[in-house]
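Chemist: Please read through the structure below; I'll follow up with questions.
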Amino acid sequence: MTRGRSSYHRAVAATNREAILGAAAQLFLEFGYDRTPLARVAERAGVSKATLFKQFPTKAELFEATVLAAGGSPAPERVEIPTGDLYAGLVVLGRAYSELLTRPRMVALMRTVIAESHHFPELRERTFDFGTLPVLQALGRYLREAHSAGSADIDDPDLASAQFLGMIASAIFWPRLTHGTWSITKEEQSRAVDEAARTIAARFATP
Numbered sequence: 001m002t003r004g005r006s007s008y009h010r011a012v013a014a015t016n017r018e019a020i021l022g023a024a025a026q027l028f029l030e031f032g033y034d035r036t037p038l039a040r041v042a043e044r045a046g047v048s049k050a051t052l053f054k055q056f057p058t059k060a061e062l063f064e065a066t067v068l069a070a071g072g073s074p075a076p077e078r079v080e081i082p083t084g085d086l087y088a089g090l091v092v093l094g095r096a097y098s099e100l101l102t103r104p105r106m107v108a109l110m111r112t113v114i115a116e117s118h119h120f121p122e123l124r125e126r127t128f129d130f131g132t133l134p135v136l137q138a139l140g141r142y143l144r145e146a147h148s149a150g151s152a153d154i155d156d157p158d159l160a161s162a163q164f165l166g167m168i169a170s171a172i173f174w175p176r177l178t179h180g181t182w183s184i185t186k187e188e189q190s191r192a193v194d195e196a197a198r199t200i201a202a203r204f205a206t207p
C-alpha cells in the first residue's frame, strides 16, 4: 500500500508540475516576467499556491524551469549518433540543436530573458544553463568519447562545443531573435549545421 501511495503521489506531482509549467509559459509570454505573479500561475494551472511553492519557491526558479521545459526534448540520446566519424556525429547533434533553437516558444522566452533580466538580478543569476539541456549534455559526452577513442584530438571539449554551437546559433537563432520577421528554410538550417560540422571536424578529427 505504501508503495502504491508513493507512486500515486509521484504521478500527481508530475501532473501538477506539467500544468504549472504550461501555465507559466503562457503567462510569461503574455505578460512578461515582472507582471506574472506566482498566484496567477497557480490559478491558471488549477493548483494551490502551496503546491506551486513546494515545487518552485521563487519566480526565478519557475522561469528557469519553464525555459528548460521548452528546450528539454527530444533527448538526443534517443537518436542514433554515429561513432568513429566525428563529422557524422556532429551533424546529428547539430540538427537536434537546430530543432531546439527554432521552436517558437524558445525564441519568445529568450526574448523575455534579454528584455527583463537586467531589471531582476535573481532572474539574471538563474537564467538557465544551456549545458543542462539534453542535446548539449550529449554533445559534451560525444566529444569526450571521440577524444578518448582517438577519432578526434580535442583538449578542451567545452570550448569545441561552444565553437560548434556558436556557429549554428549565429546562423539560425540570433537573427530570428533580433528580427521578428526574419525566417530561414529547413534547407538553409541543414546547410548551416553541415558547414559547422565540417569546420569542427576539419579542426579536430584525426586522420
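For the sequence shown, full-length UniProt numbering begins at 1 and goes up steadily by one. Glycine included, every Cβ here is placed at the ideal spot set by N, Cα and C. Computed from a predicted structure; not experimentally measured.
(1) If contacts are defined as beta-carbon pairs under 8 angstroms, then Leu93 and Tyr142 qualify, I think. What distance do you get, rounded to the angstrom?
(2) On the premise that Val91 lies in contact with Ala19, defined as a C-beta separation below 8 angstroms, what is that separation, rounded to the nearest angstrom?
(3) Quickly, what does DSSP pair Ala205 with across the bridge? List them, please.
(4) DSSP on Gly22, reduced to helix/strand/coil?
(5) How should Arg176 be labelled, buried or exposed, when 16 other C-beta atoms within 10 angstroms of its C-beta is the threshold for buried?
(6) Candidates Ile81, Leu62 and Glu195: which alpha carbon is nearest Gly166's?
(7) On the DSSP letters alone, give me the boundaries of the alpha helix (DSSP H) that Val47 sits inside.
(8) Report the residue from Phe28, Ala108, Ala146 and Val47 whose alpha carbon sits nearest the alpha carbon of Val12.
(9) Indicate whether Glu187 and Ala171 have their beta-carbon atoms separated by less than 9 angstroms.
(10) When the Cβ atoms of the stretch 22-42 are set against those of the stretch 54-68, are three or more pairs found closer than 8 angstroms?
(11) Just to confirm the assignment: which complete alpha helix (DSSP H) runs, minimum length 4, are found wholly within the stretch 85-127?
(12) Check whether the Cβ atoms of Ser183 and Arg95 lie closer than 9 angstroms to each other.
(13) Applying the criterion that 16 or more other CB atoms from any shown protein chain within 10 Å of the CB defines a buried residue, is Phe31 buried or exposed?
(14) Measuring straight from C-alpha to C-alpha, what distance separates Ile154 and Phe173?
(15) Can you look up Phe56 in the DSSP assignment and give me helix, strand or coil?
(16) Would the beta-carbon of Ser148 fall within 9 angstroms of that of Gly84?
(17) So Arg176 is in the alpha helix (DSSP H); what residue range does that whole segment cover?
Modeler: So, from the listed chains and residues:
(1) Along the sequence shown, one-based indexing puts residue 93 at 93. Along the sequence shown, one-based indexing puts residue 142 at 142. Correct: roughly 6 angstroms between the Cβ atoms.
(2) Taking the first residue of the sequence shown as 1, we reach residue 19 at position 19. Taking the first residue of the sequence shown as 1, we reach residue 91 at position 91. Ala19 to Val91, Cβ: 37 angstroms. No contact.
(3) Walking along the sequence shown from the start, residue 205 turns up at place 205. In DSSP, Ala205 forms a bridge with Ala152.
(4) The count along the sequence shown starts at 1 and reaches residue 22 at position 22. In the structure shown, Gly22 sits in a helix (DSSP, three-state: H, G or I).
(5) Counting from 1 along the sequence shown, the entry for residue 176 is found at position 176. So Arg176 counts as buried.
(6) Position 166 of the sequence shown, counted from the start, is the residue given in the question as residue 166. Answer by Cα proximity: Glu195.
(7) Here residue 47 refers to the residue found at position 47 when the sequence shown is read from its first residue. First-last for Val47: undefined, no H or E at that position.
(8) As a first step, residue 12 is located in the sequence shown; it is residue number 12 there, counting from the start. That would be Val47, whose Cα lies nearest to the Cα of Val12.
(9) Taking the first residue of the sequence shown as 1, we reach residue 187 at position 187. Taking the first residue of the sequence shown as 1, we reach residue 171 at position 171. Not closer than 9 angstroms, so no.
(10) yes
(11) 86-101, 104-116 and 121-126
(12) Position 183 of the sequence shown, counting from 1, holds the residue named residue 183. Position 95 of the sequence shown, counting from 1, holds the residue named residue 95. Contact flag unset, no.
(13) Start at 1 with the first residue of the sequence shown, and residue 31 comes out as number 31. Exposed: under 16 other Cβ atoms inside 10 Å.
(14) In the sequence shown, the residue the question calls residue 154 occupies position 154. In the sequence shown, the residue the question calls residue 173 occupies position 173. About 26 angstroms.
(15) If you number the sequence shown from 1, residue 56 lands on position 56. Three-state DSSP puts Phe56 in coil, outside helix and strand.
(16) Along the sequence shown, read from residue 1 onward, the residue named residue 148 stands at position 148. Along the sequence shown, read from residue 1 onward, the residue named residue 84 stands at position 84. Their beta carbons are not under 9 angstroms apart, which means Ser148 does not touch Gly84 by this criterion.
(17) The count along the sequence shown starts at 1 and reaches residue 176 at position 176. Per DSSP, Arg176 belongs to the alpha helix (DSSP H) from Trp174 to Thr178.
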